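Peer 1: Per the UniProt record's numbering, the very first residue in the sequence shown carries number 1; after that it's consecutive.
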Amino acid sequence: MSYSVGIGLTNACNLACAHCYRPTERIDYVPLEQIQAICESLPVGSMGMGTGENILHPQFEAIVRYLHGRGVKLSIASNGHSIMTMSDELLAMFNDLELSIDYPTAEQQDALRGPGNWDLVHRAIERCHAAGKSVSILATLMCTNYHLMDRMVELARSLGAHLRVNVYQAVRTDAFRLTYEQFWEAYQRLFSAGKVVSCSEPIVRAAMGLPDVASPCGHNSIRFDMRGRIIPCVYWPVVEHEPYTIADLPGRGESVLEHPFFADARTIPSTAAACPCQGGCASRRAINGRLDDHDEYCPWARGETIDLAWEAAPAVDLVRSRNVCTTIVA
Ligand SMILES: C[S@@+](CC[C@H](N)C(=O)[O-])C[C@H]1O[C@@H](n2cnc3c(N)ncnc32)[C@H](O)[C@@H]1O
Ligand code: SF4
Ligand code: SF4
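In structure tokens form, the structure reads like this:
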């Protein structure tokens with residue numbers, strides 16, 4: 001088995017979005033030698049780059065060349081800056097390119113991300129298409145845009161891109177947290193406007209009536225943060241235990257997944273053992289300090305059911321559909 005690895009090469013960024021989970025107290029970079037240590041200690045099948053704007057890592061080019069040379073499938077999420085700045089040669093080394101757009105209008109997008117961002121991401125999409133690369137739009141589902149999800153599908157369609165939606169996680173502020181009603185209205189809007197390529201968001205999978213509700217976290221998905229810490233999910237609150245780091249990998253290899261964080265991410269809460277949600281998202285429960293509970297968006301714990309009509313799109317192979325819990329619509 002190979003692992004889908006998520007990594008933040010750095011938390012440095014040229015923007016300062018209010019909803020962002022990235023820590024800003026200090027800036028860190030994962031050096032090339034540590035990327036090599038990861039690949040030499042684990043069977044890495046794919047690597048998705050996120051957390052900050054990865055091109056701001058001084059060794060970005062050397063790292064991309066190294067990973068590409070090893071045959072690791074690469075994806076990157078960007079606010080437009082990395083994709084517009086890297087060379088054509090480097091761009092060609094990525095399998096999936098993702099541009100973050102959270103709103104369907106320039107005014108709303110620039111209000112969150114800063115003036116000129118709407119234009120920048122659109123230029124980046126054009127550049128990717130001109131290079132023959134497929135593009136996904138990456139949207140964070142928040143209480144400020146849940147009612148716009150059908151319009152986001154239309155936008156993605158007009159740009160010839162898939163739409164990948166991640167649920168906002170209240171890592172640093174509650175200001176963007178969705179209510180239960182907003183969460184489900186968003187998915188109803190999303191699925192009424194687009195066909196589903198893949199959905200690994202556990203609670204939504206359960207409502208769709210799909211099997212394998214368990215999320216990838218704690219199993220075949222591993223996340224490395226910009227300080228080299230090994231965590232089951234990018235949103236995991238690193239408070240209770242000291243995590244393993246890349247320095248621990250050479251001696252331990254895959255046994256790093258025995259760390260309590262990974263065990264916690266895998267554990268089905270006793271209260272939800274008989275529930276279709278199977279606990280849903282472990283990070284959401286951990287952030288809320290309720291690891292042994294149902295997902296806060298669980299309808300069954302409220303004695304409700306969700307009517308979620310959806311249609312499947314033809315299958316496509318996208319790196320990110322495997323290494324994080326996410327919903328991709330066409
Ligand atoms: C952290 S950014 C890093 C890559 C790049 N700077 C960008 O904005 O795409 C990756 C994605 O995470 C999203 N994101 C940021 N904070 C989040 C949060 N608290 N919960 C869920 N997604 C979040 C961003 O909107 C973006 O789509
Ligand atoms: S551009 Fe990305 S990394 Fe930078 S602040 Fe915004 S969401 Fe966070
Ligand atoms: S289900 Fe939650 S903890 Fe697991 S990968 Fe998804 S967001 Fe992270």
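Just so you know, even glycine gets a beta-carbon here, dropped at the ideal spot from N, CA and C.
Everything numeric in this text was worked out from a predicted model, so none of it was measured.
(1) Taking the runs of the alpha helix (DSSP H) that are 4 residues or longer, which of them lie wholly in the region 115 to 203?
(2) Quick check on residue 333: does DSSP put it in helix, strand or coil?
(3) With three or more C-beta pairs closer than 8 Å as the rule, is the region 218 to 231 touching the region 24 to 37?
(4) Is it buried or exposed, residue 260, if we count other Cβ atoms within 10 angstroms and call 16 or more buried?
(5) Secondary structure at residue 221, three-state DSSP: helix, strand or coil?
(6) Determine, using beta-carbon pairs with one atom in the region 51 to 66 and one in the region 5 to 25, whether at least three such pairs fall under 8 Å.
(7) Once DSSP output is grouped into helix, strand and coil, what is the label at residue 229?
(8) Leaving out the 5 sequence neighbours to the left and right, which residues in its chain are closer than 7 Å to residue 62 when beta-carbon positions are compared?
(9) Hey, out of 220, 116 and 99, whose CA is closest to residue 106's CA?
(10) Name the one or two DSSP bridge partners that residue 21 has.
(11) At what residues does the beta strand (DSSP E) containing residue 328 begin and finish?
(12) Based on Cα-Cα distance, which residue from 192, 191, 189 and 212 lies nearest to residue 200?
(13) Compute every distance between the C-beta of residue 51 and the non-hydrogen atoms of ligand 2, then say whether any falls below 8 Å.
(14) Are there three or more Cβ pairs, one per stretch, closer than 8 Å when the region 305 to 315 is compared with the region 192 to 199?
(15) Quick check: the Cα distance between residue 144 and residue 257, rounded to an integer number of angstroms?
(16) Could you please go through the chain and list the residues whose beta-carbon is closer than 5 Å to any non-hydrogen atom of ligand 3?
(17) Look at the alpha carbon of residue 203 and the alpha carbon of residue 81, and state the distance between them as a whole number of angstroms.
(18) Count the CB pairs spanning the region 168 to 184 and the region 130 to 139 that are closer than 8 Å, and state whether there are at least three.
(19) Measuring CA to CA, which of 243, 285, 269 and 112 is closest to residue 278?
(20) With a threshold of 8 Å, are at least 3 pairs of Cβ atoms found where one atom belongs to the region 285 to 300 and the other to the region 152 to 162?
(21) So residue 38 and residue 170 are supposed to be a Cβ contact under 8 Å. How far apart are they, rounded?
(22) Can you tell me the Cα-Cα spacing of residue 223 and residue 94, whole angstroms?
Peer 2: Put simply:
(1) The region 115 to 203 is shown to contain whole alpha helix (DSSP H) runs of 4 or more residues at 117 to 130, 149 to 158 and 180 to 193, in chain order.
(2) Absent from the structure is residue 333, since the part of the chain shown begins at 1 and ends at 330.
(3) Contact between the region 24 to 37 and the region 218 to 231 is present, because at least three Cβ pairs lie under 8 Å.
(4) The residue you call residue 260 lines up with position 260 of the sequence shown. Exposed is the call here.
(5) Sequence index remark: in the sequence shown, residue 221 carries index 221 (1-based). Strand.
(6) Taking one beta carbon from each stretch, the region 51 to 66 and the region 5 to 25 have 3 or more pairs nearer than 8 Å; the two touch.
(7) Working through the sequence shown from its first residue, we reach residue 229 at position 229. Residue 229 carries a strand assignment under DSSP once its states are collapsed to helix, strand and coil.
(8) As a working mapping, residue 62 is identified with position 62 in the sequence shown. Here the set comprises 32.
(9) For this step, residue 106 is matched to residue 106 along the sequence shown. Minimum Cα distance to residue 106 is reached at 116.
(10) Locating residue 21 in the sequence shown gives position 21, where the first residue counts as 1. Residue 21 pairs with nothing; no bridge assigned.
(11) Indexing the sequence shown from 1 puts residue 328 at position 328. Segment 327 to 329, the beta strand (DSSP E) holding residue 328.
(12) Along the sequence shown, read from residue 1 onward, the residue named residue 200 stands at position 200. That would be 212, whose Cα lies nearest to the Cα of residue 200.
(13) Numbered from 1 along the sequence shown, position 51 holds the residue referred to as residue 51. Residue 51 Cβ: within cutoff of ligand 2.
(14) Touching, yes, given that three or more Cβ pairs across the two stretches are closer than 8 Å.
(15) The residue you call residue 144 lines up with position 144 of the sequence shown. The residue you call residue 257 lines up with position 257 of the sequence shown. Approximately 36 Å between the Cα atoms of the pair.
(16) The filter returns 215, 217, 233, 281, 282, 283 and 325, in chain order.
(17) Looking up residue 203 in the sequence shown gives position 203. Looking up residue 81 in the sequence shown gives position 81. Taking the straight line from one Cα to the other gives about 33 Å.
(18) Cβ pair count under 8 Å is below three, so no.
(19) Locating residue 278 in the sequence shown gives position 278, where the first residue counts as 1. Cα-wise, what sits closest to residue 278 is 269.
(20) With a cut-off of 8 Å on Cβ pairs, the region 285 to 300 is not in contact with the region 152 to 162, counting fewer than three such pairs.
(21) Mapped onto the sequence shown, residue 38 falls at position 38. Mapped onto the sequence shown, residue 170 falls at position 170. Going by Cβ atoms, the distance from residue 38 to residue 170 rounds to 29 Å, so no, they are not a contact pair.
(22) Taking the sequence shown and counting its residues from 1, one reaches residue 223 at position 223. Taking the sequence shown and counting its residues from 1, one reaches residue 94 at position 94. Distance between the alpha carbons of residue 223 and residue 94: 19 Å.
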